[in-house]
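To keep things clear, I will list the structure first and then write my remarks on it.
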Amino acid sequence: MASISHKHVNYQARLDFIQTVLQERFGLKQNADITPIQYDPECPFKYNNFVYRVCFNAPITVTNNRPEQPGCVPVPKDTKELIFRLANPDAEGMIKTTRIENEVATIALASAALAGFGPHIVPSVYAWGSAATESSQGWIMQELKPGAPLDESFGAMEFEKKREIFAQTAKILKALQDYELPTSITGFGGVTFDSNGHIVSTAMTGVGAGPWLTYEASFKDRLDAFVERGVPAQFEDLDSKQDRVIIHTDFTANNILFDATSNRVTALIDYDFACISHPSYEFLRSFDGAGGQFRGWSTDEASDAMALRHAKLHGFPSPLPPTMKDGVKWEVVKAWEDELEKLDVKRPRNMGAIDKVADVDTVLRSILPWRVSNSDILRLQSEEVIVKCRNENETQLSGLLSRLGF
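Numbering (our numbering), first residue to last: 27 to 432.
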C-alpha cells in the first residue's frame, strides 16, 4: 500500500509541474488538458516514467525563443497535442545522472537511422529537463505518435498480419544495425551530450557503469572471478565483437504502436534503457513475446526454451514442434526468423559465438535474479517463493559454471 499512497500523494504535484513547464514554454492562457497514459494507481510496481497526453485548448502558435536543446526540434506551429514524460525518481534500476540525456540522444540517433522508414516512427523531442541532480525532475516533451500498443492485439491477430508486422519490424532492426554511429561515440554503454551538443559515450543507464572500450568489458565489470578467465574465452569467437550499433533494449510489442486499419507500424517508443552495444545485446534483452529473447544454456535441457535456443542457432526443424499451452509459439517465432533472414539482419543464426555470450549473460542474471532483487516483486512474494526462486537460480548458476569449467 505504501507504493499506492506514494503515487496518490504526488499525482497532483506531477500535473502541476507539467502545467508550469507548458506555461513557461508556450505562455498558455488556459491550462492544458493532461491525461495519464497506461497509469494504474493500484499497480504494485514502480513506473520508470509517468506518461501523459497533453491536449491544448487552442493550437500552439508561439513558442518560447530560448536556444534549442541538443536532440530537439522546434514544436511545429498549430500543434494541438503532445506527449509529456516525467521520469520517476524512485524507479528501480535506473541511474538518474544521465537517464534523460541518454534517452534523448538515443532518440536522435534512432531518428537518423530510421529516417527512410515510412511513416517516420521515432517521436521528435521538443524539449527536456535533466534528472542529474538530487532535486531535479527529469522530463521529456515529445511528439504524439498515432497508433495503439501492438501487444494489445498481437495475440489474437491473424497469422498473415503477424507476418506483415514482422516484416516491418525486421526492417526497423536492420536499419538500427546498419546505421554508422558518429565518431564521437567511442565506447559501449550509454550516450549523452557534451558541451558542444555532440553525442558522446557515458555510463549505461540500467547498470550505472561504463562506458567500456569493448563489448566483453561491459560484462566483466559486473562479474568477479569468473570474468578473469571465463568471459574472455566466451567472447573470443564472437563475430565482429567491436561492432557497435543502436540498441533499443526493450524492442517489444508493448513499445511498438500500429494502426489497426492499415496494419502499419506507426511508432517505436520508449528508449529508457537504450544504449550503444554489440548487435547481440538486442537479442539478449528484447523481443520477449513474439520472437523470444535469446537466453543462455539451461539445466533443463529438455525444455521448450532450450529447443527454441537450438532452433535460433541452427535452424528451425520441419515440421515445427507442436505449440503447447504456455509454451513456445513455434509458427510465430519461425515467422519472425523468416523476416529477419529475408533482410539478412544480424541475429543468433548468423552471429558466431552468441551462444557463449548468452551463457555469460545468464551467469549474470543468475547471480542477481530480478525476482529476488526487485523490491516491488519481493514485497508481493512469500518467503517460501523467494527462497524457491533463489534456490532455482543457484542450481542454474552452479550447473552453468560447471558446464563452462568453473
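Even glycine gets a Cβ: it sits at the ideal position worked out from N, Cα and C.
* Asked: In three-state terms, what does DSSP make of Val47?
  -> In the structure shown, Val47 falls within a helical segment according to DSSP collapsed to helix, strand and coil.
* Asked: With burial defined as no fewer than 16 other Cβ atoms inside 10 Å of the residue's Cβ, what is the status of Phe284: buried or exposed?
  -> buried
* For my contact list, Ala117 and Trp165 are in at a C-beta cut-off of 8 Å; report their separation, rounded to the angstrom. => Not quite, the Cβ-Cβ distance comes to about 14 Å (not below 8 Å), so this is no contact.
* Can we say the segment 298-308 touches the segment 213-225, given the rule of at least three CB pairs closer than 8 Å? -> yes
* **Length at least 4, wholly inside the segment 65-147: the alpha helix (DSSP H) runs in chain order** => 125-139, all fully within the segment 65-147.
* Asked: Shortest alpha-carbon distance to Tyr65 belongs to which of Cys81, Tyr37 and Gln56?
  -> Each of Cys81, Tyr37 and Gln56 was checked against the Cα of Tyr65, and the nearest Cα belongs to Tyr37.
* **N- and C-terminal bounds of the beta strand (DSSP E) containing Arg290** => In this chain, the beta strand (DSSP E) harbouring Arg290 covers Arg290 to Leu294.
* **Coil, strand or helix - Met350 by DSSP** => coil
* Asked: First and last residue of the alpha helix (DSSP H) that includes Pro307?
  -> Just to set this straight, residue 307 is Tyr in the shown sequence, not Pro. Counting along the chain, the alpha helix (DSSP H) containing Tyr307 begins and ends at Pro305 to Arg311.
* **N-terminal and C-terminal residue of the alpha helix (DSSP H) that Trp362 is part of** => Trp356 to Lys368 is the extent of the alpha helix (DSSP H) around Trp362.
* **As assigned by DSSP and simplified to three states, the class of Met27** => Only weak support is given to the placement of Met27: the predicted model assigns it a pLDDT of 39, under 50, and the value that follows is read from those uncertain coordinates. Reduced to three states, the DSSP call for Met27 is coil.
* To do: Determine which residues share a DSSP beta bridge with Cys301 and list them.
  => Ile273
* Round the Cβ separation of Trp323 and Leu426 to the nearest angstrom and send it over; I've been treating them as touching at under 8 Å. => At roughly 6 Å, the Cβ-Cβ gap stays under 8 Å, so Trp323 and Leu426 are in contact.
* To do: Figure out for me which residue from Gly234, Val271 and Ser266 has the closest Cα to the Cα of Ala201.
  => Comparing Cα-Cα distances from Ala201 to each of Gly234, Val271 and Ser266, the minimum goes to Val271.
* To do: Give me the Cα-Cα distance between Arg40 and Phe110, rounded to the nearest whole angstrom.
  => Whole-angstrom Cα-Cα distance: 11 Å.
* Pull up the CB-CB distance for Met377 and Asp263, whole angstroms please, since I reckon it's below 8 Å. => Met377 to Asp263, Cβ: 10 Å. No contact.
* Three-way DSSP call (helix, strand, coil) for Met167 in this model -> Correct three-state label for Met167: strand.
* Compare the beta carbon distance of Leu369 and Ala196 with 7 Å and say whether it is the shorter of the two. => yes
* Three or more beta-carbon pairs under 8 Å between the segment 289-300 and the segment 172-182, yes or no? -> Output reads yes: the segment 172-182 touches the segment 289-300.
* Asked: Going by the CB atoms, is the gap between Val359 and Gly318 shorter than 7 Å?
  -> In this structure, Gly318 sits near Val359, with a CB-CB distance shorter than 7 Å.
* Can you name, in chain order, every residue of its own chain whose Cβ lies under 6 Å from the Cβ of Glu365, other than the five neighbours on each side? -> Phe192, Ala193 and Ala196
* To do: Under 8 Å by Cβ, that's how I've got Ile211 and Val233 pegged, so tell me the actual separation to the nearest angstrom.
  => The Cβ separation is near 17 Å, so there is no contact.
* Leu339, enclosing alpha helix (DSSP H) - first and last residue -> Asp330 to His340
* Count the CB pairs spanning the segment 96-108 and the segment 143-156 that are closer than 8 Å, and state whether there are at least three. => The answer is yes - the segment 143-156 touches the segment 96-108, with three or more Cβ pairs under 8 Å.
* Let me know if Met350 comes out buried or exposed under the rule of 16 or more other beta-carbons within 10 Å of its beta-carbon. => exposed
* Between the C-alpha atoms of Asn419 and Ser312, what's the straight-line distance to the nearest angstrom? -> 21 Å
* Give me whichever residues DSSP pairs with Phe448 in a beta bridge. => Examination of residue 448 is not possible in this model, given that the chain is present from 27 through 432 alone.
* Residue closest to Asn75, alpha-carbon to alpha-carbon, out of Lys122, Gly97 and Thr421 -> Checking every option, the nearest Cα to that of Asn75 belongs to Lys122.
* Asked: So, using beta-carbon positions, are Pro70 and Leu406 closer together than 7 Å?
  -> yes
* Asked: Rounded to a whole number of angstroms, what is the C-alpha to C-alpha distance between Arg391 and Ala279?
  -> 23 Å
* Ignore the nearest five residues each way along the sequence and tell me which others in Lys372's own chain have a CB closer than 6 Å to its CB. => Gln203 and Pro305
* To do: Using DSSP bridges, identify the partner residues of Ser227.
  => Val217
* **For Ser428 and Ser31, the rounded distance between their alpha carbons** => Only weak support exists for where Ser31 lies, its pLDDT of 45 falling under 50; the coordinates are left without a value.
* To do: Quick one: grab the DSSP three-state call for Trp154.
  => strand
* **Selection from Lys72, Thr105, Pro67 and Glu94 that minimises the alpha carbon distance to Val80** => Thr105
* **Selected residue, minimal CA-CA separation from Thr275, among Asp314, Pro258, Leu239 and Gln268** => Asp314
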